[in-house]
Amino acid sequence: MERTLASAAARMARRLSVFTIAVALALPGGPAMAQMDTDTAQLNNVRANVIPNSAAEIDFVTKFAQCAGGERGGANLLRLLPASQQSDRSLFFMTDSHPNCAPHNDRLTFSVRNYRGVLAELLLESDFDLSTWSARGKPAKIFPAPTNDQLVRLSADSRSAVVMTEIGTCTTQASPAAVAALFATEAGTPAESTAIAAITPALAGCIPPGVEMKISKFQLRGYLAEGAYRYAVVKAAAAK
Numbered sequence: 002m003e004r005t006l007a008s009a010a011a012r013m014a015r016r017l018s019v020f021t022i023a024v025a026l027a028l029p030g031g032p033a034m035a036q037m038d039t040d041t042a043q044l045n046n047v048r049a050n051v052i053p054n055s056a057a058e059i060d061f062v063t064k065f066a067q068c069a070g071g072e073r074g075g076a077n078l079l080r081l082l083p084a085s086q087q088s089d090r091s092l093f094f095m096t097d098s099h100p101n102c103a104p105h106n107d108r109l110t111f112s113v114r115n116y117r118g119v120l121a122e123l124l125l126e127s128d129f130d131l132s133t134w135s136a137r138g139k140p141a142k143i144f145p146a147p148t149n150d151q152l153v154r155l156s157a158d159s160r161s162a163v164v165m166t167e168i169g170t171c172t173t174q175a176s177p178a179a180v181a182a183l184f185a186t187e188a189g190t191p192a193e194s195t196a197i198a199a200i201t202p203a204l205a206g207c208i209p210p211g212v213e214m215k216i217s218k219f220q221l222r223g224y225l226a227e228g229a230y231r232y233a234v235v236k237a238a239a240a241k
């Protein structure tokens, strides 16, 4: 296990040496015209990058994703690279097409990217028993990990999101029980803060020296959820 974790940390160091991560969480008439308006609205929503911060905002985003996506709303999403055009488009469509899940039409107040982590967590709890990390059925497909050459060709947002997800996978591999304990807490609560504190040593071991990560607890939880799902998929495949 120590060798595995050491190799994972070394791999992360190589990836992060390729570029600088900027994750500052607060870390963008006829049918043709209608599509243009939708594309513009999507682009503006992502560029504004509004992150939920208060307990009430986090509760809203979490409940909206639960309503709009359901337990398996992330099943097709996790095969798409995070923060890619395809992922953003899928999330925007989900958000825009479920006005019944939010009062006062405020579902687009926050960047649609915020919903990905919530959907990943719902899918994780649906597809795996986190007490043993065993699969309950056939897991969803996940995006193939890009090579370093592929990574540098991604947009800055997508590149950072991929690496943050890999850090989430590395953290789960290092401390699966602590990560599982996090997902037993409600987002935005003191219990969540305690669980994140317990994860911090494992998380720190997955971040190369000299890299400063400024990220909200809400965003960290989302990256950990998707990273944990990827860890569980690989673990389930290896057990066959």
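Residue numbers for the sequence shown follow our numbering, so the first one is 2 and each next one is one higher. Just so you know, even glycine gets a beta-carbon here, dropped at the ideal spot from N, CA and C. These numbers come from a predicted model, not from an experiment.
- Residue 192 sits close to residue 186, with the two beta carbons spaced by under 8 Å.
- Cβ-Cβ distances below 7 Å link residue 175 to 6, 203, 206 and 207 in the same chain, with the five nearest sequence neighbours on each side left out; the list follows chain order.
- Annotation: the continuous alpha helix (DSSP H) that includes residue 222 extends over 218 to 239.
- Distances from the CA of residue 134 to each of 159, 85 and 181 were compared; the closest alpha carbon is that of 181.
- For the set 121, 92, 71 and 90, the Cα lying nearest the Cα of residue 226 is the one of 121.
- Straight-line spacing of the CA atoms in residue 62 and residue 241 works out to 36 Å.
- Residue nearest to residue 71 within the set 99, 44 and 83 is 99 (criterion: CA-CA distance).
- With a contact defined as Cβ atoms closer than 8 Å, residue 81 and residue 144 qualify at about 6 Å.
- Note: residue 136 is bridge-paired with 129 in the DSSP secondary-structure output.
- Taking C-beta separations shorter than 6 Å and ignoring five residues to either side along the sequence, the partners of residue 231 in its chain run 143 and 170, following chain order.
- Less than 8 Å separates the beta-carbon of residue 237 from that of residue 136.
- Residue 158 counts as buried, since at least 16 other C-beta atoms from the protein chains shown sit within 10 angstroms of its C-beta.
- Setting aside the 5 residues that flank it on each side, residue 233 is surrounded in the same chain by 129 and 134, each with a C-beta closer than 6 Å to its C-beta; the list follows chain order.
- Non-local C-beta neighbours of residue 179 in its own chain, meaning closer than 8 Å and more than five positions away in sequence, comprise 196, 199, 200 and 203, ordered along the chain.
- Between the alpha carbons of residue 88 and residue 239 lies a distance of about 28 Å.
- Shown here for residue 118: same chain residues with a beta carbon closer than 6 Å to its own, the five before and five after excluded, namely 223 and 226 in chain order.
- Apart from sequence neighbours up to five positions away, the residues of its chain that approach residue 156 with a beta-carbon distance below 8 Å are 84 and 85, ordered along the chain.
- Residue pairing for residue 142: DSSP places it in no beta bridge.
- The closest CA to that of residue 165, considering only 216, 112, 153 and 55, is found on 216.
- Between residue 189 and residue 59, the CB-CB gap stays under 8 Å.
- Leaving aside the five residues that flank residue 177 on each side, the residues in its chain whose CB is nearer than 7 Å to its CB run, in chain order, 134.
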